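Colleague: Numbering of the sequence shown is given in the numbering used here, commencing with residue 1305 and proceeding in unit increments. Below is the structure I would like to discuss, written out as structure tokens.
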Amino acid sequence: MIIVHTEEEKFLRSKYRSMVSRIKNNSYYSTVENEYENERDFIEYWIGKVDYESNPELDRIDKNYGYSKLNNQWLSKAEHKIKSSKERAKL
């Protein structure tokens, strides 16, 4: 049986796997939790809600909390860079 995934699903799968890898391999994220049940939960929640063609960045609204449906948003690369710069400046 061949499973065909849409471009949107491929985009979301890639973002989910990057998020999981970041949590696992980057010490900065060592206390950050992934509150999605699994990859499928992430994809099903976000499918149809993201302008994936613009290749946005997954962002935690509040850096004090983990990756979750209520604490995630999608930002353009430029918006994400500005937000990250402001957060680093506060440190």
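Backbone N, C-alpha and C define an ideal beta-carbon position, used for all residues, glycine too. Nothing here was measured: the structure is a model prediction, and the numbers come from that model.
Rounded to the nearest angstrom, what separates asparagine 1375 and glutamate 1357 at their Cα positions?
Modeller: Their Cα atoms are separated by approximately 22 Å.
Colleague: At a cut-off of 7 Å, is glycine 1370 close to the ligand HEM when judged by its beta-carbon and the heavy atoms of the ligand?
Modeller: You won't find the ligand HEM in this model; it holds no ligand whatsoever.
Colleague: Kindly list the residues whose CB is nearer than 7 Å to the CB of asparagine 1338, restricted to its own chain and excluding five residues on each side of it in sequence; keep chain order.
Modeller: Correct list, in chain order: Met1323, Val1324, Ile1327, Gly1370 and Tyr1371.
Colleague: For glutamate 1357, write down the residues that DSSP places opposite it in a beta bridge.
Modeller: Glutamate 1357 pairs with nothing; no bridge assigned.
Colleague: Note the first and the last residue of the continuous alpha helix (DSSP H) segment covering asparagine 1329.
Modeller: 1311-1329 is the span of the alpha helix (DSSP H), which, as asked, contains asparagine 1329.
Colleague: Where does tyrosine 1332 sit, in a helix, a strand or coil, going by DSSP?
Modeller: It is helical.
Colleague: Considering only C-alpha positions, which residue in the set Lys1394, Tyr1333 and Gly1352 is nearest to phenylalanine 1315?
Modeller: If we check each option's Cα against that of phenylalanine 1315, Gly1352 comes out closest.
Colleague: Which same chain residues, not among the five before or five after aspartate 1366, have their C-beta less than 7 Å away from its C-beta?
Modeller: Excluding residues within five positions, the ones whose Cβ falls inside 7 Å are Asn1375.
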